Structure formats: structure tokens, C-alpha cells
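Under the numbering used here, the residue at position 14 of the sequence shown is numbered 18, and the numbers go up by one with no gaps.
Cβ coordinates follow ideal geometry from the N, Cα and C atoms, glycine included.
Note that the structure is predicted; figures quoted are calculated from it, not measured.
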Amino acid sequence: MEAMDTRAATDNPRAADGRLPGRRGRATRQRLLQVTEEVLAEVSFLDVKVTDISRRAGTSPATFYQYFADVEAAVFTLAEEMVESGSEALRSLVVDPSWDGPEAAEELAAGFLRYFEEHKAMLRVIDIATTEGDVRFRELRVRLLNGVFLALQELAQAAHAEGRLATGVDPGAAAGVLTTMLAHVSAHQPGFQSWGVEPAALKQTMASLIDWTVRSESQHHQEWGIVPP
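This is the structure:
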């Protein structure tokens, strides 16, 4: 996948030639993005054609090229818009709860599972592009998860300062492991289901591991029903 400079400008979206489209042009551009997202939910990113998008949008390939250089440019725009809103939505799953009980960890796990299910087509595209070495999509993935990592790191640092983090466990490493677990498990829900593992079990297991890390051991033992040896 060849890298190109394709930056989405959500406030003032420009046409492919750099012009600022009028109200009708912005509506057409948005319709093309909407249809692109619909097509991505049905076929592989690598199989999407401009003709598929333009036909479903009720327009022509020439019109598509007025707004986007190619399919990849439209897809990157969608991905960037998703990350702009999604990064804060995921971060809020960590910073909004009080973390006084196990409910916060449950909400975080459930929120990740739900978000990755709702946006699975676009997240799959980001993963494919990242695997193929596209730095732009890799940076989008980092931006999506960075707020979650930093917020979990703060919780782990607080646990460390209070002597509640296991000896030898680095707060940054703990946050990184938890963030990676949340993202990868949430992204592979169908695979787990093929093994007979349901989303409810995934949620509870991830929540237990998160809660174990960021809250005190005594609290965790009591509220999750774990009896220490």
C-alpha cells in the first residue's frame, strides 16, 4: 500500500484539487464517505472499487475523483474521523468512573467490546494497513488508544505509589499490557466465539484482570470472590 499525504480536514473538507466545496458539494462528499463505509462493511478493503462506491451513491466515478484521489484517500478520511471521536470516547471509559469498585473495570471492558463491534469494518482496515506498513494508519491506531494507555498508566502509578501494585510490575508496562489486551481481544470477538467463548465471558475476564491491576488486592479478593492462598 503506497503512502500518500492524505490528511482529513473535518472542519473545512477540501475537494481533491484543493478547492473548498459549497454546501451541495459537501453533501456529495459526505454521501460518498457514507457509502464507502457501507461497502467496507460488506467486502474487503482491497476489493473496494470506485465504481462500487459511485454506483451506490447514485453518481459517477468522475464525481468521486473530484473529492478523493482514490479509494484509499476516502477510507483514510473515514478512519481519521472515527479516531477523532473514538479516542476520547474510549479514554472516557477510564477517566469517568470513580474506580471505587469493580464496576469501573466492567464498564471499561464492555465499552471496548461494544466499540470494536460497532466499528469493526473500519478497525479491520486500520489493522490491515498497519500490517502492510502504512505509517499513517499505524499512527491513527496509536492515536485511538493513546488516551486509554495514559489514563490506565495514571491509575497504575497511583496503585504503585500506594503499594498496591505487585512488586516488580512497572506501571507503564501494566498499562500497555491492559490496553493491548482490550484492543486485541475486542477486535477478535468472532474468533473467540468460534472457540465457544461468549462476549460476556470475555468482558468478565478482562474486567477481572484490569481490576486486579489498578485496585487494591484486598478489595479485588473480596469483590471478585477470589480467596488468596
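Less than 6 Å between C-beta atoms, sequence neighbours within five positions excluded: which residues of the same chain meet that for residue 115? 97
Selected residue, minimal CA-CA separation from residue 75, among 39, 95 and 108: 39
Which residues in the same chain have their Cβ closer than 8 Å to the Cβ of residue 187, if we skip the five residues on either side of it in sequence? 116, 120 and 149
Assuming residue 126 and residue 61 are in contact, meaning their beta carbons sit under 8 Å apart, how far apart are those beta carbons, in whole angstroms? Between residue 61 and residue 126 the Cβ distance is about 18 Å, and since that is not below 8 Å, they are no contact.
Assign residue 100 to buried or exposed, taking buried as 16 or more other Cβ atoms, counted over all protein chains shown, within 10 Å of its Cβ. exposed
Could you check where the alpha helix (DSSP H) with residue 169 kicks off and where it finishes? First-last for residue 169: undefined, no H or E at that position.
According to the Cβ coordinates, are residue 176 and residue 193 closer than 8 Å? no
Are three or more beta carbon pairs between the region 101 to 112 and the region 37 to 56 nearer than 8 Å? no
Beta-carbon proximity list for residue 219, same chain, < 6 Å, skipping 5 on both sides: none
On a Cα-Cα basis, can you pick out the residue from 213, 201 and 168 that is closest to residue 185? 213
For residue 32 versus residue 81, is the C-beta spacing smaller than 8 Å? no
Skipping 5 residues on each side, what residues in its chain have a beta carbon closer than 8 Å to that of residue 147? 87 and 91
If you run the structure through DSSP and keep just helix, strand and coil, what is residue 63? coil
Could you check the C-alpha separation between residue 135 and residue 206 for me, to the nearest Å? 25 Å
What first and last residue would you give for the alpha helix (DSSP H) that runs through residue 111? 107 to 122
In the structure shown, what three-state DSSP assignment does residue 142 receive? helix
Cβ distance (whole Å) where residue 160 is taken to contact residue 169 below 8 Å: 6 Å
If you measure between the beta carbons of residue 178 and residue 217, is that distance less than 8 Å? yes
Got a sec? Which residues, its chain only, sit under 7 Å from residue 65 by beta carbon, not counting five neighbours each side? 54, 55 and 58
Excluding the five sequence neighbours on either side, which residues of its own chain have a C-beta within less than 8 Å of the C-beta of residue 131, listed in chain order? 145 and 191
Using CA coordinates, which residue listed in 124, 181, 174 and 47 is at the minimum distance from residue 152? 181
For residue 45, which of 68, 123 and 102 has the nearest alpha-carbon? 123
Exposure label - residue 183; buried when at least 16 CB within 10 Å: buried
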